[in-house]
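Since the structure comes first, as structure tokens, the remarks are kept for the end.
Residue numbers (this note's numbering): 24 to 260.
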């Protein structure tokens, strides 16, 4: 192989000696190049020293990339969160009552319930209930007298007659739209509730100006030492 130089382009012309194929010489086209051969260079790897802070994204560090690199759009500052899992164990009945009374004093008294069907004053369909609502349950269907029942945490329950006086009876009557209590009937004189009905309040002492029996001095909801033979009733007027 020999090399010759062209006078016009001043570039080397590489030629190869002819070879014979089937008795005839083989011709090769000359290979020319106008630039010296250089080895390919890899793009520089990003390093922490080349990080720059850009004003359009405060607080974010970015690395300048070559023009032939493509950057995928990403969303920063968002992480998928799993829904909370309830891992609490069921509480005993007394603990649930204590917790409900704490929530009640913290503002659960404003919770509204739909009134259930039943007998006695205040059972009109469509009327809505709040915690501490009362009703008079009468076997005769009278609206101004009956056994006192109170609505707490979605259920109706009776009130024990221990320490229950005319002031507490007046609080009940005013809740129902009457003026005062004409009489307080003890020892289930106006009817005894079934065993399925719980006794919710006991030792109720009122001053007379309360808006609900729950505002009176009383024992904890569901705690009592009486039976349905001591269900209290009132006669309103």
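Every residue gets a Cβ at the ideal spot worked out from N, C-alpha and C, and that includes glycine. Bear in mind the structure is a predicted one, so any value in this text is a computation, not a measurement.
Q. Taking Cβ to Cβ, would you say residue 235 is nearer than 7 Å to residue 155?
A. yes
Q) Can you tell which of 221, 194, 207 and 220 has its C-alpha closest to the C-alpha of residue 185? A) 207
Q: Pull up the distance between the alpha-carbon of residue 15 and that of residue 193, whole angstroms please.
A: As displayed, the chain neither begins before 24 nor continues past 260, which places residue 15 out of reach and without an answer.
Q: Count the other CB atoms, across all protein chains shown, that sit within 10 Å of the CB of residue 260; report buried if there are 16 or more and exposed otherwise.
A: exposed
Q) From the beta carbon of residue 221, is the nearest beta carbon of chain B less than 7 Å away? A) The structure shown has no chain B; it contains just one protein chain.
Q | Burial state of residue 172 (16 or more Cβ within 10 Å) | A | buried
Q) What number of angstroms, rounded off, separates the C-alpha of residue 250 from the C-alpha of residue 242? A) 15 Å
Q. What are the boundary residues of the alpha helix (DSSP H) that includes residue 196?
A. 189-198
Q) Comparing alpha-carbon positions, which option in 217, 228 and 240 lies nearest residue 181? A) 217
Q: Go through its chain and collect everything with a Cβ distance to residue 198's Cβ below 6 Å, but skip five positions before and after it.
A: Excluding positions up to five away in sequence, the list reads 157.
Q | Sequence-distant residues of its chain with Cβ nearer than 6 Å to residue 174 (five each side left out) | A | Excluding the 5 residues flanking it on each side, residue 174 has same chain C-beta neighbours closer than 6 Å at 152 and 156, in chain order.
(Q) Taking 7 Å as the threshold (C-beta atoms), are residue 167 and residue 215 in contact? (A) no
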